[in-house]
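Okay, so here's the structure we're looking at.
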Amino acid sequence: MKSKFWILGLLAFSMLVYTCTVSKNTASKSTVTGPVNPRPVFNPNPSADYLSAQESMKHFNLPKGYHIELVASEPMVKEPVAIAWDGDAKMYVAELLTYMQDADAVGEQEPRSRISLLEDTNGDGKMDKSTIFIDNLLLPRMILCVNHELIVNETNTITMTAYKDTNGDGKADSKRIVYQNPVYRNNSNMEHQRSGLDWNLDNWIYMTYENARFRYKDGMMKPDTMVNGAGGQWGLAHDNYGRLFYSNAGGENPVVRFQINPAYGSLEFADQISDEFMQVWPVMATPDVQGGLPRLRPDSTLNHFTASSGQSIYRGNTLPQNLIGDYVICEPVGRLVRRAKVINLKGKTTLQNAYYRQEFITSSDIYFRPVNSYTGPDGNLYIVDMYRGIIQQGTWTPKDSYLRRAIDKRGMAKNIGRGRIYRVVYDGMKPGPKPHMLDVSASKLVTYLDHPNGWWRDNAQKQIILLGDKSVTPALKQIASGQQATLAAKPSALGRIHALWTLEGLDAIDQDVLSVALKDPDAQVRKTAVWISEMFVKKNDIEMINKLGELKN
Numbered sequence: 004m005k006s007k008f009w010i011l012g013l014l015a016f017s018m019l020v021y022t023c024t025v026s027k028n029t030a031s032k033s034t035v036t037g038p039v040n041p042r043p044v045f046n047p048n049p050s051a052d053y054l055s056a057q058e059s060m061k062h063f064n065l066p067k068g069y070h071i072e073l074v075a076s077e078p079m080v081k082e083p084v085a086i087a088w089d090g091d092a093k094m095y096v097a098e099l100l101t102y103m104q105d106a107d108a109v110g111e112q113e114p115r116s117r118i119s120l121l122e123d124t125n126g127d128g129k130m131d132k133s134t135i136f137i138d139n140l141l142l143p144r145m146i147l148c149v150n151h152e153l154i155v156n157e158t159n160t161i162t163m164t165a166y167k168d169t170n171g172d173g174k175a176d177s178k179r180i181v182y183q184n185p186v187y188r189n190n191s192n193m194e195h196q197r198s199g200l201d202w203n204l205d206n207w208i209y210m211t212y213e214n215a216r217f218r219y220k221d222g223m224m225k226p227d228t229m230v231n232g233a234g235g236q237w238g239l240a241h242d243n244y245g246r247l248f249y250s251n252a253g254g255e256n257p258v259v260r261f262q263i264n265p266a267y268g269s270l271e272f273a274d275q276i277s278d279e280f281m282q283v284w285p286v287m288a289t290p291d292v293q294g295g296l297p298r299l300r301p302d303s304t305l306n307h308f309t310a311s312s313g314q315s316i317y318r319g320n321t322l323p324q325n326l327i328g329d330y331v332i333c334e335p336v337g338r339l340v341r342r343a344k345v346i347n348l349k350g351k352t353t354l355q356n357a358y359y360r361q362e363f364i365t366s367s368d369i370y371f372r373p374v375n376s377y378t379g380p381d382g383n384l385y386i387v388d389m390y391r392g393i394i395q396q397g398t399w400t401p402k403d404s405y406l407r408r409a410i411d412k413r414g415m416a417k418n419i420g421r422g423r424i425y426r427v428v429y430d431g432m433k434p435g436p437k438p439h440m441l442d443v444s445a446s447k448l449v450t451y452l453d454h455p456n457g458w459w460r461d462n463a464q465k466q467i468i469l470l471g472d473k474s475v476t477p478a479l480k481q482i483a484s485g486q487q488a489t490l491a492a493k494p495s496a497l498g499r500i501h502a503l504w505t506l507e508g509l510d511a512i513d514q515d516v517l518s519v520a521l522k523d524p525d526a527q528v529r530k531t532a533v534w535i536s537e538m539f540v541k542k543n544d545i546e547m548i549n550k551l552g553e554l555k556n
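Residue numbering for the sequence shown follows this note's numbering, beginning at 4 and increasing consecutively.
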């Protein structure tokens with residue numbers, strides 16, 4: 004029994020243990036870079052005039068070599084907050100059409116929001132076809148593609164519904180409930196509700212705020228209760244190795260709960276982010292901050308994260324390699340996007356701004372409101388811009404408040420019903436090809452598990468599991484063991500990791516495969532094997548427990 008408890012402790016902290024092993028490699032790449040560019044001209048009095056997407060793009064500041072491209076804008080999208088791609092790169096966009104249409108939030112709880120389906124029909128990277136996939140929704144906040152269906156969660160409820168287009172017209176004509184808790188209802192401020200539906204590497208689907216995660220099995224979302232509430236607010240991301248990153252705008256904290264998976268509890272270090280990291284560096288005065296004057300510098304710029312949201316870990320392959328693994332988080336009040344280096348050293352993860360007293364993306368357009376970020380199917384970084392006047396919910400805009408006076412003075416409430424989606428590109432690096440993962444064989448999908456773009460690896464793994472085709476089990480076992488199998492070359496460590504988790508998702512993992520992985524030369528592969536072996540420890544598998552015990556030295 005003592006041995007079993009010891010092993011469970013090892014499992015709970017395995018990510019920390021093996022981080023020590025790989026810390027040298029990770030830390031060497033996690034150095035602060037130089038300035039973004041010559042500091043942009045500071046705008047002490049930003050105009051409240053609406054700008055077209057083309058005009059607004061002239062107000063961006065990015066590091067040398069990086070550029071912003073427009074993917075979609077109004078009237079194609081309005082009030083966008085979240086996007087999800089299916090396996091063929093069709094983009095679903097959640098649009099909060101009733102969010103803060105005036106400073107008093109009149110009509111906000113009316114079911115008039117929607118999800119649009121955007122398509123790039125000519126391959127130029129810009130969306131040129133738009134269809135309203137679902138309408139009459141109440142502020143849809145979470146979306147997840149599963150095969151040919153889109154799972155949607157609306158505000159105030161935890162019910163999840165899967166929608167499907169059965170006749171090919173781009174509109175959902177069938178729906179079914181995949182999870183429901185009839186006694187649950189949350190009528191609190193909509194900023195303080197769930198977000199996410201992130202299908203993580205471990206095949207669990209995570210969300211913020213609640214102490215629940217889900218498995219998608221037999222066409223339904225099966226819940227699991229975690230030790231602690233996950234925390235966080237708007238935004239959830241995972242890295243190449245399944246580490247989750249939450250943020251807490253209400254607590255003015257841009258990153259939380261990233262030391263260990265929340266299923267094992269909570270672990271935070273006082274120095275995991277520095278006071279300096281909490282400071283932000285806009286390029287324009289910030290007239291509309293809910294915290295008032297204490298949140299402003301003498302030059303009227305925002306001095307601290309206050310609305311951090313929509314984080315991601317860049318995992319693509321069409322931007323510079325030194326961006327891979329970096330933490331990207333939006334700050335819509337500051338009109339900026341932060342890039343941070345994720346530094347793993349001596350079993351502890353810390354974050355550091357990639358630029359000294361500058362930001363990755365800034366804008367002097369007062370209506371730039373970045374609220375979400377993603378690595379896309381093409382390998383580029385996508386930014387969702389709500390492009391609006393008021394970003395805070397009505398609870399924070401009462402009459403005679405500091406924020407309300409700023410809104411009314413500039414007439415900012417008038418800018419509604421717009422929105423943009425951008426992608427970040429880099430000189431000399433072309434976006435990747437369009438994927439075709441729906442309606443292809445599981446054996447074809449296996450070849451994508453070692454793709455250099457994390458989006459492809461994640462979606463290939465997910466799609467194989469959704470298909471449930473165990474005929475690929477032999478190939479997956481070979482890849483997990485480092486053999487070439489059906490790949491073009493021997494698999495990388497990431498390819499071996501995805502093969503292991505795909506086997507786990509198919510209920511096809513066994514002790515023999517894990518035994519090989521526990522001896523893998525790569526520490527992250529060994530960590531993965533420890534993580535997956537938990538299922539055997541829970542069954543008191545003595546052979547597996549003994550093999551894990553051999554790792555303690």
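Cβ atoms here follow ideal geometry from the backbone N, Cα and C, with glycine treated the same way. These figures come from a predicted structure and were not determined experimentally.
Cβ neighbours of residue 399 within its own chain (closer than 7 Å, five residues either side excluded): 293 and 406.
Per DSSP, residue 365 lies in no alpha helix (DSSP H); the unbroken beta strand (DSSP E) holding it starts and ends at 364-366. Counting along the chain, no beta strand (DSSP E) covers residue 92, and no H or E run does either.
Residue 185 sits in coil when the DSSP states are folded into three classes, being neither helix nor strand.
In the three-state DSSP reduction, residue 550 falls in the helix class (H, G or I). Counting along the chain, residue 110 sits inside no beta strand (DSSP E), nor does DSSP assign it H or E at all. Setting aside the 5 residues that flank it on each side, residue 330 is surrounded in the same chain by 248, 258, 314, 316, 343, 345 and 354, each with a C-beta closer than 7 Å to its C-beta; the list follows chain order. Look at residue 213 here: in three-state DSSP terms it is coil, with no helix or strand label. Contact between residue 146 and residue 140 does not hold, since the beta-carbon distance rounds to 10 Å and is not under 8 Å. Of 298, 192 and 358, the smallest CA-CA separation from residue 159 is found for 192. Going by DSSP, residue 517 is part of the alpha helix (DSSP H) stretching over 514-520. Ranked by Cα distance from residue 469, the first of 268, 177, 321 and 90 is 90. One Cα belongs to residue 129, the other to residue 74, and the distance between them is close to 4 Å.
CA-CA distance, residue 445 to residue 466, rounds to 8 Å. Of the candidates 512, 420 and 439, 420 places its Cα closest to the Cα of residue 76. Residue 482 is not a Cβ neighbour of residue 531, given a cutoff of 7 Å. Scanning its chain for C-beta atoms nearer than 7 Å, with the 5 sequence neighbours on each side dropped, one finds around residue 320 the residues 382, 435, 455 and 456, in chain order. Looking at the backbone, the Cα of residue 63 and that of residue 69 are separated by about 11 Å. The beta carbons of residue 509 and residue 473 sit closer together than 7 Å. Only residues of its own chain outside the window of five on either side were considered, and among them 416 have a CB closer than 7 Å to the CB of residue 105, listed in chain order. Counting along the chain, residue 405 sits inside the alpha helix (DSSP H) bounded by residues 405-413. Assigned with DSSP and collapsed to three states, residue 535 falls in helix. Per DSSP, the continuous beta strand (DSSP E) segment holding residue 313 begins and ends at 312-316. Using a Cβ distance threshold of 7 Å, residue 81 and residue 122 do not count as a contacting pair.
The segment 48-62 makes contact with the segment 367-383, as at least three CB pairs between them are under 8 Å. Rounded to the nearest whole angstrom, the C-alpha separation of residue 504 and residue 276 is 31 Å. Comparing alpha-carbon positions, the option among 512, 388, 519 and 547 lying closest to residue 423 turns out to be 388. Across the structure, residue 42 and residue 284 are spaced so that their CA atoms are roughly 11 Å apart.
Between the segment 264-274 and the segment 227-238 there are three or more inter-stretch CB-CB distances shorter than 8 Å, so the stretches are counted as touching.
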